[in-house]
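Residue numbers (the working numbering), protein chains in the order written: chain A, 2 to 353; chain B, 189 to 907.
A virtual CB, placed ideally from N, CA and C, is assigned to each residue, including glycine.
To keep things clear, I will list the structure first and then write my remarks on it.
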Amino acid sequence: MTDPAGRDRDRRRSAGGFVRPVRPLVPITSSFFVLLGWGVVAHNSGAGWVQALGDVLAGTLLLGIAGPGVILARVRLEVTAVPSDATVGLPVDLRVVSSSRVRLTPIDPSGPATFVGPARGSSAGSDVVTLVPVRRGVVAGLTVNLASAAPFGLLWWTRRAHLDLPSELHIGPKLGQSVALPRQDDDHAGDSAQRSSRDIGEPRGVRPYRPGDSRRGVHWPATAHSGELMVREMEGPTAEPVVVVVTLPAEVDKAESVAERAFGTLVALFDRGMAVVLTTTEQSGRRTGAVADRRSAGRRLARAVGSGHPGDRDGNIGPPPSGSGPRPSPEGDAATTGVTVTMGQRRRGDQP
Amino acid sequence: MTLIEMVKRANRPGPPENSAALRLACAGTVITGIAACRAEGELSWPVALVSIALVSTGMYLSYRTRSRPLGWLKPILALAALAAFVWFFRQLTGQAFYDVSTVEDPLALLFVWIQVAHAFDVPARRDLSFSLAGSASLMAVAGAQAVDLGFGLYAVAWIGFGLWGLVGMWGSASDGGRIRGRGLVGTVVAVSVLAAAVLAVLPAPHVAGRIDFPANSAGGVGLPGAGGLAGDAGRATEPARAGSPAGRTRVGGFLGFATHLDTALRGSLGTAVVMRVRAQRPSYWIGETFNTWDGESWKVPTKNVPVALFAGSPFAIPPGVDAPVVSNPVAGTSDLQTFYMAQSSPNLIFHADNVIDVWFPARNIYLSGNDTMVSPIALGPGAIYTVRSQVNTATPAQLRSIAGPPSASESPTQARQLRVDLQLPSPYTRAKALAEKITAKKATTEAKVQALIAWIGSHTRYSTDIPPLPPGQDTVDEFLFGNRMGFCEQISTAMAVMLRSIGIPAREAVGYVPGSYNPITDLYEVQNKDAHAWVQVWFPHYGWQSFDPTAVVPLANPSPGATLFHDAGRALKALPLVPLGVLLVLAAAAAIIVRWWRRRPATWALAVARRMERTGRRAGRPRQPDETLNEYASVLDAMSGDTSGTWRALAWLIEASAYGHHEPTPDERHDAERLSRRRLKRARPAPTDAVRPGGVLVPRRDSHGLPPTGGSPSAGGAG
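Here you go:
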């Protein structure tokens, strides 16, 4: 039986590569010449005090040169708090606790360098590390570059380390431009397409508020009546959902671009009050599922991996066929945008 | 990148340094360096005070203007630095030699003024690091002159400021990083250990390759009587009064550094440092030699007229005026010794054997026939002189090659010298018989000397606490055939007389033993109690060779590391171990109590919960990290077979107290504590089924005493 405390300790110890000095030539050469000069003075004067001070100087320089390596090898880092969602290109803050003061540069996902660890005027709490992710994905760990010159700042040492996150970080795409959306059947009035229904589905009743519920769903009369926060509970939408098919290319940058447009499209559909089923064509096949809001859409797109051979499990390739039933968007050409919006029909054989 | 671009890049000003503490630390190192130079006489008081004031002002001004440095200041500072260099090189003009000893005073001043000028322009961290590093040069200049442990105060202050500054540098570079107390202690310990390791590994620095050697009269005035001996008070018969008059003799100080050495009594010698010696190897520092023995005292022959040497430093010392020619000297090495007088001293010029040159702060010195060098000026505290000797100590094998004592027929000089060095006031029949008996089977002079030393070592005892001999009592007879107890003068005199009685030339030498070696200052610290007397024996071809029958253990070259460890061992042995042990035990007990106090449960609920966990742990079922107290209580109930859920009730009470604002009543508390202390049987593997004595299978029941649902059909069916 393993020791849970030991396992926890091992998890907190940041794994990573070897420590190595950064541009060591100048500090080491300078130290060597300082000590050489000092030795010449000691030898020429024959003074024991000069040698004694030189010994202290040598000890200080040795510690200043080698000490950061030891400190860096022994430093313990732990990510204590991480948000569950982030967006490409937007900063996201993590909380990190470090046993020693080190400069931390996030590499993957990337971010600006910052110092973490004990500092003057701060309690022994955690420090904020900011990430600015450049790609979508679900991140379970951070690759960082650690650097230190403690305790004297004479020579910097660095090492690569991997930090486990306490929970997954979903990095969704940027909000791109929506593809042109098809007109709805009942949208005969000029402004009806812009009408946005705030409540999706049919009201079923009220229930106590749960974390994550939209504040728009708060039922104030029931809240006032019961004395606790109550929200409306809805039945699922009776109308057929909109199916958005996203075909992610294998090339990373193009896949990002497609994901951004898809996200923009999904948000536009949410704003119209439509129920949406998102189908992503990925490396592992088609994945289909309902997405209820921006967060779930962002998470679905964060997990989506580009495919070199787009196709579903039935062997269908490309956007859904046009004809009766689902009507493709007039401008939503999958060949150019990778995003297809069809109204009101779920494809058979999609993997939920 | 061109050179100009590289220089521009290197000189690019850094961001302004906002840490006042870092500036304070850097200013502290510079001011400490200036103070150390002043303490070692490198700077005058006005210069030191003005420079300290200017450095402080400059540092403050730099701090105030760190964000907007004064543009007009830089050219002025550059000009000031240039002027300092010009002044320095003008000071050196006309100097015959350019080594550290001739340039150190101007060099110290140059370093100080560079630091002063620089202090006005230190807006950034890099500028402060230059101040920090530059202060080391001041400490080097001061340390080169330091000969006592008083410099340690400055060294400790400088090291303290320096470490503070370096840690501050890291704090500044790491955006306010700080090193915790434990880290700071670790840093200091690491620096100390590394420094001690370097000290232990490196050999001691010895004066070598220098062109000029220190000599300083320290204001010593001329003495009357050309070449005459003068004690501390300037009189020839005065002994050195470095010790307090105490003991049985009521005489303070060593009686030997005078015109005669009375062996009947010994003065009480104190531990005051008489002088410090920087030397390449430990030696007996000879002050004077005697060759006329009258049964009670050694005397310098009155006909011995000192010869004045007027060559000026360095004084070349010729071979002994009346001494026989050393025809086959040992090819030795040069041995430099610099003597730093710490107290008023007799006007003897101390030295190791076989002096070649003397650097002395006077126009002349005197040399007597018995190889004694005499100063014409009084030697007070601060007087310095340097002596170079030729180490020609013959090896035992070389001495064994000499078959017998010198013959008077070799030369008239030798015959005359032999008469002096074999002189005895009486036949010393018993001493001679004893010496002949001891050396009967020894063929060579060296073997005879060693046999006598061995005999003295095994048959006599050393003591300074013996009453003075009555007047007229022969010291040698009393020592050899009386109580055989005496001090170094009596021991060495007895040996010299025995040697003379069997025809071996010998004489008495007085001076100091090397003293304790200080690895920090690299100086031998000679105390008054180190005054000593020993024997010199003449060997044909090799000259006078020293033998110390009082201490037959040969001396070894010092090693700083070995000396430190040896001293540390001695210090440890000298420690009051029992009181220290008691203190350590008390400290450990206090630490345990403090630790327990800090970790004690903050609330009643926590205390009971811990007790509950302890009970479970003792029963072999510790609480898992992901287990709530309620779940754990259920497990304990199951283990104990308690169907009423006592542990769960206890858990409920704990949680209600901790989180539910439910303050338990005294009865509840009492019951809960009693329950939490209840012993729990060690967990045993639960049987799958129980077998009644009748052999009928029954399904096992859960903790509530109910049969499990969905049990195996066989078990259920059997029931």
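**Asked** Should Glu815(B) go down as buried or exposed, given a rule of 16 or more other Cβ atoms within 10 Å for buried?
**Response** Reading the second sequence from its first residue, position 627 is the one you call residue 815(B). The C-beta of Glu815(B) has fewer than 16 other C-beta atoms within 10 Å across all chains shown, which makes the residue exposed.
**Asked** Can you find a C-beta in chain A that's less than 8 Å from the C-beta of Pro502(B)?
**Response** Indexing the second sequence from 1 puts residue 502(B) at position 314. Using a Cβ-Cβ cut-off of 8 Å, Pro502(B) does not count as an interface residue toward chain A, since no Cβ of chain A sits closer than that to its own.
**Request:** Determine, using beta carbons only, whether Thr281(A) and Arg273(A) come nearer to each other than 8 Å.
**Result:** By 1-based counting over the first sequence, the position of residue 281(A) is 280. By 1-based counting over the first sequence, the position of residue 273(A) is 272. Inclusion of Thr281(A) and Arg273(A) in the CB contact set at 8 Å is not warranted, their separation being larger than that value.
**Prompt:** So, does the CB of Gly331(B) fall closer than 8 Å to a CB anywhere in chain A?
**Reply:** Taking the first residue of the second sequence as 1, we reach residue 331(B) at position 143. Yes, because at least one Cβ of chain A sits closer than 8 Å to the Cβ of Gly331(B).
**Message:** Counting only C-beta atoms, is Thr289(A) closer than 8 Å to chain B at any point?
**Reply:** Numbered from 1 along the first sequence, position 288 holds the residue referred to as residue 289(A). Answer no: the Cβ-Cβ gap between Thr289(A) and chain B never drops below 8 Å.
**Prompt:** Sorted by chain position, which residues of the same chain lie with C-beta nearer than 7 Å to Gly331(B)'s C-beta, five sequence neighbours on each side aside?
**Reply:** Position 143 of the second sequence holds residue 331(B). So the qualifying residues of the chain are Phe339.
**Cα-Cα separation, Asp559(B) to Phe503(B)** = Locating residue 559(B) in the second sequence gives position 371, counting from the first residue. Locating residue 503(B) in the second sequence gives position 315, counting from the first residue. Those two C-alpha atoms are separated by around 14 Å.
**Prompt:** Buried or exposed: which applies to Leu58(A), given that a residue is buried once 16 or more other Cβ atoms fall within 10 Å of its Cβ?
**Reply:** Within the first sequence, residue 58(A) is the residue found at index 57, counting from 1. Leu58(A) is buried by the Cβ-count criterion.
**Prompt:** Under the rule that 16 or more other beta-carbon atoms within 10 Å means buried, what is Ser250(B), buried or exposed?
**Reply:** Position 62 of the second sequence, counting from 1, holds the residue named residue 250(B). Its Cβ being crowded by 16 or more others within 10 Å, Ser250(B) is buried.
**Prompt:** How would you list, in chain order, the residues of chain A whose beta-carbon sits under 7 Å from the beta-carbon of Trp358(B)?
**Reply:** By 1-based counting over the second sequence, the position of residue 358(B) is 170. In chain order: Ala150, Ala151, Pro152, Phe153, Gly154.
**Request:** Specify the secondary structure class of Asn535(B) as computed by DSSP and reduced to three states.
**Result:** Along the second sequence, read from residue 1 onward, the residue named residue 535(B) stands at position 347. Per DSSP, reduced to three states, the secondary structure at Asn535(B) is coil, with no helix or strand assignment.
**Asked** How would you call Pro203(B), buried or exposed, if buried means at least 16 neighbouring beta carbons within 10 angstroms?
**Response** Taking the second sequence and counting its residues from 1, one reaches residue 203(B) at position 15. Exposed is the call here.
**Message:** Against Ser215(A), what residues of chain B qualify as contacts under a CB-to-CB distance less than 9 Å, listed in chain order?
**Reply:** Within the first sequence, residue 215(A) is the residue found at index 214, counting from 1. None at all; the shortest Cβ gap to chain B is about 31 Å.
**Request:** List the residues of chain B that Trp39(A) touches, going by C-beta distances under 7 Å, in chain order.
**Result:** The residue you call residue 39(A) lines up with position 38 of the first sequence. Chain order gives the chain B residues near Trp39(A) as Ala328, where near means a beta carbon separation below 7 Å.
**Message:** Just to confirm the assignment, what range does the beta strand (DSSP E) spanning Leu457(B) have?
**Reply:** The count along the second sequence starts at 1 and reaches residue 457(B) at position 269. Here Leu457(B) belongs to no beta strand (DSSP E), and DSSP marks it neither H nor E.
**Message:** So Tyr573(B) and Val562(B) are supposed to be a Cβ contact under 8 Å. How far apart are they, rounded?
**Reply:** For the purposes of this step, residue 573(B) is identified with residue 385 of the second sequence, where counting begins at 1. For the purposes of this step, residue 562(B) is identified with residue 374 of the second sequence, where counting begins at 1. The Cβ separation is near 12 Å, so there is no contact.
**Prompt:** What residues from chain B crowd round Arg160(A), counting only those whose CB sits closer than 7 Å?
**Reply:** The residue labelled residue 160(A) in the question sits at position 159 within the first sequence. In chain order: nothing, as chain B lies at least about 16 Å away.
**Message:** Would Arg262(A) pass as an interface residue toward chain B - the criterion being a Cβ-Cβ separation below 8 Å?
**Reply:** Stepping through the first sequence from its first residue, residue 262(A) is reached at position 261. Arg262(A) does not count as touching chain B.
**Item:** Short-range partners of chain A found in the region 701 to 721 of chain B, where Cβ spacing is below 9 Å
**Value:** Flagged, chain order: Asn706, Pro707, Ile708, Thr709, Asp710, Leu711.
**Message:** Does Asn206(B) come out as helix, strand or coil in the three-state DSSP assignment?
**Reply:** Taking the second sequence and counting its residues from 1, the one referred to as residue 206(B) is at position 18. Note: Asn206(B) maps to coil in three-state DSSP.
**Prompt:** Do the region 46 to 58 of chain A and the region 322 to 336 of chain B touch if we need at least three Cβ pairs shorter than 8 Å?
**Reply:** With a cut-off of 8 Å on Cβ pairs, the region 46 to 58 of chain A is in contact with the region 322 to 336 of chain B, counting three or more such pairs.
**Asked** Between Thr451(B) and Thr681(B), is the Cβ-Cβ spacing less than 8 Å?
**Response** Along the second sequence, read from residue 1 onward, the residue named residue 451(B) stands at position 263. Along the second sequence, read from residue 1 onward, the residue named residue 681(B) stands at position 493. Yes, these two residues count as a Cβ contact at 8 Å.
**Request:** For Thr831(B), name the three-state secondary structure that DSSP assigns.
**Result:** Stepping through the second sequence from its first residue, residue 831(B) is reached at position 643. Of the three classes helix, strand and coil, the one that applies to Thr831(B) here is coil, per DSSP.
**Asked** Going along chain B, which residues have a C-beta under 8 Å from Trp221(A)?
**Response** The residue given as residue 221(A) occupies position 220 in the first sequence. Within 8 Å of the CB of Trp221(A), no CB atom of chain B is found; the nearest one sits about 31 Å away.
**Request:** Would you decide whether Thr266(A) is buried or exposed? Buried here means 16 or more other CB atoms lie within 10 Å of its CB.
**Result:** Within the first sequence, numbered from 1, the residue matching residue 266(A) stands at position 265. Buried: at least 16 other Cβ atoms inside 10 Å.
**Request:** Using the Cα positions of Gly691(B) and Ser651(B), report the straight-line distance between them to the nearest angstrom.
**Result:** Counting from one through the second sequence, the residue named residue 691(B) turns up at place 503. Counting from one through the second sequence, the residue named residue 651(B) turns up at place 463. Roughly 29 Å between the two C-alpha positions.
**Message:** Going by DSSP in three states, Pro320(A) sits in which element: helix, strand or coil?
**Reply:** On the first sequence, residue 320(A) is found 319 positions in, with the first residue counted as 1. Caution is warranted here: a pLDDT of 39 is assigned to Pro320(A), below 50, making its placement in the model unreliable, and the coordinate value is therefore given only provisionally. DSSP places Pro320(A) in coil when its eight states are reduced to three.
**Request:** Would you list, in chain order, the members of the region 361 to 372 of chain B that have their beta-carbon closer than 9 Å to a beta-carbon of chain A?
**Result:** Considering only beta carbons, the part of the region 361 to 372 of chain B lying closer than 9 Å to chain A consists of Ala361, Ser362, Asp363, Gly364, Gly365, Arg366, Ile367, Arg368, Gly371, Leu372, in chain order.
**Item:** Separation of Ala697(B) from Thr477(B), as counted between CA atoms
**Value:** The count along the second sequence starts at 1 and reaches residue 477(B) at position 289. The count along the second sequence starts at 1 and reaches residue 697(B) at position 509. Taking C-alpha positions only, Thr477(B) is separated from Ala697(B) by approximately 4 Å.
**Request:** Go ahead and pull the three-state DSSP assignment for Gly221(B).
**Result:** Taking the first residue of the second sequence as 1, we reach residue 221(B) at position 33. In the displayed model, Gly221(B) falls within a helix according to three-state DSSP.
**Short CB-CB distance (under 8 Å) between Leu63(A) and chain B** = As a position in the first sequence, residue 63(A) is number 62, starting the count at 1. Judged by the 8 Å Cβ criterion, Leu63(A) is in contact with chain B.
**Nearest candidate by alpha-carbon position, reference His171(A), set Gly218(A), Val89(A), Gly290(A), Glu234(A)** = For the purposes of this step, residue 171(A) is taken as the residue at position 170 of the first sequence. It is Val89(A).
**Request:** Could you check what DSSP says for Asn199(B) in three-state terms: helix, strand or coil?
**Result:** Position 11 of the second sequence, counting from 1, holds the residue named residue 199(B). In the structure shown, Asn199(B) falls within a coil segment according to DSSP collapsed to helix, strand and coil.
**Residue burial classification, Ile781(B) (beta-carbon count within 10 angstroms, cutoff 16)** = Residue mapping note: residue 781(B) aligns to position 593 of the second sequence, counting from 1. Exposed is the label assigned to Ile781(B), since fewer than 16 other Cβ atoms lie within 10 Å of its Cβ.
**C-alpha distance - Val135(A) paired with Pro242(A), whole-angstrom precision** = Within the first sequence, residue 135(A) is the residue found at index 134, counting from 1. Within the first sequence, residue 242(A) is the residue found at index 241, counting from 1. Looking at the two C-alpha atoms, the distance is approximately 32 Å.
**Prompt:** Is the CB of Leu354(B) under 8 Å away from at least one CB in chain A?
**Reply:** What you label residue 354(B) is simply residue 166 of the second sequence in a count that begins at 1. Residue-level contact by beta carbon holds for Leu354(B) and chain A, with a gap shorter than 8 Å.
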